[in-house]
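Notes follow the structure.
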Amino acid sequence: MFKSIKQLFTLILIALVIAVIIIVLPVFEWNSPEINFVNQSEYIGLKPYEIEIKDKGRGLNSLKVYIGDDSNELLLIDKKYENNINNDRVEIDIKKNSPLKEGKVKLKIIAQDNSRIKFFRGNKMTVEKELVLDLTPPKLNELSTVQYLQHGGSGFLVYKSSKDLEKSGVNIGDYFFPGYNGYFKDPSIYMVFFAYPYDLDTNEELSLYAVDKAGNERTLPVFYHPINARYKDSTININEMFIKRKMLPLLDDDVSQSEEILKEIFLRVNKEMRTQNNNKINEITTNSTDKILWKDRFLQLSNSKVEANFADKRSYMVNDKIIDEQYHLGYDLSVTKRYPVESANNGIVVFTGDIGIYGNTVIVDHGMGVMTLYSHLSSISVKDGDEIKKGEIVGKTGLTGLAVGDHLHFGVYVHGVPVRPLEWWDQKWIREKVLNRIEQIKSEYGE
Ligand SMILES: [Zn+2]
Numbered sequence: 009m010f011k012s013i014k015q016l017f018t019l020i021l022i023a024l025v026i027a028v029i030i031i032v033l034p035v036f037e038w039n040s041p042e043i044n045f046v047n048q049s050e051y052i053g054l055k056p057y058e059i060e061i062k063d064k065g066r067g068l069n070s071l072k073v074y075i076g077d078d079s080n081e082l083l084l085i086d087k088k089y090e091n092n093i094n095n096d097r098v099e100i101d102i103k104k105n106s107p108l109k110e111g112k113v114k115l116k117i118i119a120q121d122n123s124r125i126k127f128f129r130g131n132k133m134t135v136e137k138e139l140v141l142d143l144t145p146p147k148l149n150e151l152s153t154v155q156y157l158q159h160g161g162s163g164f165l166v167y168k169s170s171k172d173l174e175k176s177g178v179n180i181g182d183y184f185f186p187g188y189n190g191y192f193k194d195p196s197i198y199m200v201f202f203a204y205p206y207d208l209d210t211n212e213e214l215s216l217y218a219v220d221k222a223g224n225e226r227t228l229p230v231f232y233h234p235i236n237a238r239y240k241d242s243t244i245n246i247n248e249m250f251i252k253r254k255m256l257p258l259l260d261d262d263v264s265q266s267e268e269i270l271k272e273i274f275l276r277v278n279k280e281m282r283t284q285n286n287n288k289i290n291e292i293t294t295n296s297t298d299k300i301l302w303k304d305r306f307l308q309l310s311n312s313k314v315e316a317n318f319a320d321k322r323s324y325m326v327n328d329k330i331i332d333e334q335y336h337l338g339y340d341l342s343v344t345k346r347y348p349v350e351s352a353n354n355g356i357v358v359f360t361g362d363i364g365i366y367g368n369t370v371i372v373d374h375g376m377g378v379m380t381l382y383s384h385l386s387s388i389s390v391k392d393g394d395e396i397k398k399g400e401i402v403g404k405t406g407l408t409g410l411a412v413g414d415h416l417h418f419g420v421y422v423h424g425v426p427v428r429p430l431e432w433w434d435q436k437w438i439r440e441k442v443l444n445r446i447e448q449i450k451s452e453y454g455e
């Protein structure tokens, strides 16, 4: 009897010990907090530097962030956590009036968790990182002026900034056009080709923008006179025959041909397919080489007659009702059937192939964002990657895609945005807006 009571006590004791271990052990977990840098930049500046802290076990207890140079150490963040949270994201914000000297600094981050291990001190994680402190926004000076800018047209600017920029260029509306250095010997001189997109309002604010590797930004408004362009509005009556002959073949499906369905087919091709095709062209024409490959004016297809202009607005009617409106983003040029198409300038072929309503298409990169497009071709005689000279034949005109008669659809793009080709065809414009300015800066800076 006594023996069994003793046994019982032992059993209860063992059960108690196990229960205590199960309840208490987790508070002694040994998972240290994790510290991650959200961006891996080696620079820290006026833009807050983000870090992420995680703890797998009992949650975070405290966070301290120090930053220091040779002579100072500042406690920037001293945070105590209340509710056992497992994740936190903090911004290390260095104010401009900090006593730290620009240059090398050391960031020290100490995170502690709520574990009771190590005599209740918990797990501690310390991370140190060497950074370059830069609190000075990049300088930005216009070396050339814009003066007149035509709606739907192109612009050019040369500017001076810092040499180690993360990004710089021109902002207009929601559009950004990147600038390039490397053309001038001085690496702090950049040039940028940009567009005044045809779909923006006139009088949009234009500015130069630069951001350095520490995230310090500078914006400089650029003065210019906008010139309104007159675009043609036209109405096109769509007949069944056009939809059946030109649009149905562009779609994969074979559908019955009631009037309602034909209207739907029209919209699928003219609206949806056009949007997809324009997006694809935008994607191709956005990645340009960082050198200027072109020389002097761009060529208009020889002996050609202009059939349609840039940014003509077309309203499409079926039975006296407008069912769609679209802009024509290039020039239609016609000569004779299967006329050889010359490259408008020196460049590299970056695309050859079929693009829906544009049909067989060649796209040539002329550098620093400027590209030309040749569409509705009956045949293509170049391939991707070919380096071609001004006047070299890229293919023959035709009526592939959504073309009624044999013609060339010619487009000029600046960083993915379609622009008026007329300026690029004009030697006077090229000389006054681009070449003279480059020459002037070269002589001013003794290049
Ligand atoms: Zn066209």
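Read in order, the letters of the sequence shown are residues 9 to 455 in our numbering.
Glycine included, each C-beta is placed from N, C-alpha and C at the ideal position.
*By DSSP, does ILE61 sit in helix, in strand, or in coil?*
strand
_Once the 5 residues before and after GLU248 are set aside, which same chain residues still bring their CB inside 7 angstroms of it?_
LEU270
_Completely contained beta strand (DSSP E) runs for the region 393-449, where each covers 3 or more residues_ = 401-404, 416-422, 425-427
*Helix, strand or coil: which one does DSSP assign to MET255?*
helix
*If you draw a straight line from the C-alpha of PHE17 to the C-alpha of VAL46, how long is it?*
56 angstroms
*If you draw a straight line from the C-alpha of SER169 to the C-alpha of ASP340, how long is it?*
41 angstroms
*Quick one: using the 10 Å Cβ neighbour count with 16 as the cut-off for buried, is ARG253 buried or exposed?*
exposed
*asked:* Check whether the region 351-369 and the region 402-414 touch, using three or more Cβ-Cβ pairs below 8 angstroms as the test.
replied: yes
*Using alpha carbons as the reference points, say which of VAL349, ASP362, TYR421, HIS233 lies closest to ILE398.*
Rather than Ile, the amino acid found at residue 398 in this sequence is Lys. Ranking VAL349, ASP362, TYR421, HIS233 by Cα distance to LYS398 puts VAL349 first.
*Quick one: which unbroken beta strand (DSSP E) runs of 3-plus residues sit fully inside the region 81-146? Chain order, please.*
81-88, 95-100, 111-121, 132-141
*Can you say whether ILE273 is buried or exposed, counting buried as having 16 or more other CB atoms within 10 angstroms of its CB?*
buried
*What residue does the alpha helix (DSSP H) around ASN286 start on, and which one ends it?*
282-292
*Range covered by the alpha helix (DSSP H) that runs through ILE371*: Segment 368-375 is the beta strand (DSSP E) holding ILE371; no alpha helix (DSSP H) there.
_For review: beta carbons within less than 5 angstroms of any heavy atom in ligand 1_ = ASP340, HIS417
*With a cut-off of 8 angstroms, do at least 3 Cβ pairs link the region 65-73 to the region 107-122?*
yes
*In this structure, what does DSSP give as the bridge partners for THR360?*
VAL370
_Whole angstroms are fine: how far does the CA of SER310 sit from the CA of LEU148?_
42 angstroms
*Could you tell me how far apart the beta carbons of ARG439 and VAL166 are, in whole angstroms, since I believe they sit closer than 8 angstroms?*
With 8 angstroms as the limit, ARG439 and VAL166 do not qualify as a contact, their Cβ atoms being about 15 angstroms apart.
*asked:* Would ILE251 and TYR324 qualify as a contact pair, given that the criterion is a beta-carbon distance under 8 angstroms?
replied: no
*When LEU141, GLU150, HIS233, VAL135 are compared against ASP220, the one with the closest alpha-carbon*: LEU141
*Going by C-alpha distance, which of LYS64, ASP434, HIS415, LYS87 is nearest SER123?*
LYS64
*Under the three-state DSSP convention, the category ILE246 falls into*: coil
*PHE274 - containing beta strand (DSSP E), residue span*: That residue, PHE274, is in no beta strand (DSSP E); its alpha helix (DSSP H) goes 267-275.
*May I have the straight-line CA-CA distance separating LEU84 from THR283, to the nearest angstrom?*
50 angstroms
_Counting beta carbon pairs with one atom in the region 418-434 and one in the region 209-224, are three or more of them shorter than 8 angstroms?_
no
_Three or more C-beta pairs under 8 angstroms: does that hold for the region 321-338 against the region 229-247?_
yes
*Within this structure, are the beta carbons of SER387 and GLY403 separated by less than 8 angstroms?*
yes
*Considering only C-alpha positions, which residue in the set SER40, ASP209, VAL372 is nearest to VAL422?*
VAL372
*DSSP state of PHE192 mapped onto helix, strand, coil*: coil
*Locate the beta strand (DSSP E) running through VAL200, then write down its first and last residues.*
197-203
*In chain order, which continuous runs of the beta strand (DSSP E) of length 3 or greater are located wholly inside the region 13-79?*
42-45, 57-62, 68-76
*Would you check if the distance between the CB atom of GLU136 and the CB atom of LYS114 is smaller than 8 angstroms?*
yes
_If you reduce the DSSP assignment to three classes, tell me which class ILE331 lands in._
strand
*asked:* Using a 10 Å radius around the Cβ and a threshold of 16 neighbouring Cβ atoms, would you call ASN278 buried or exposed?
replied: buried
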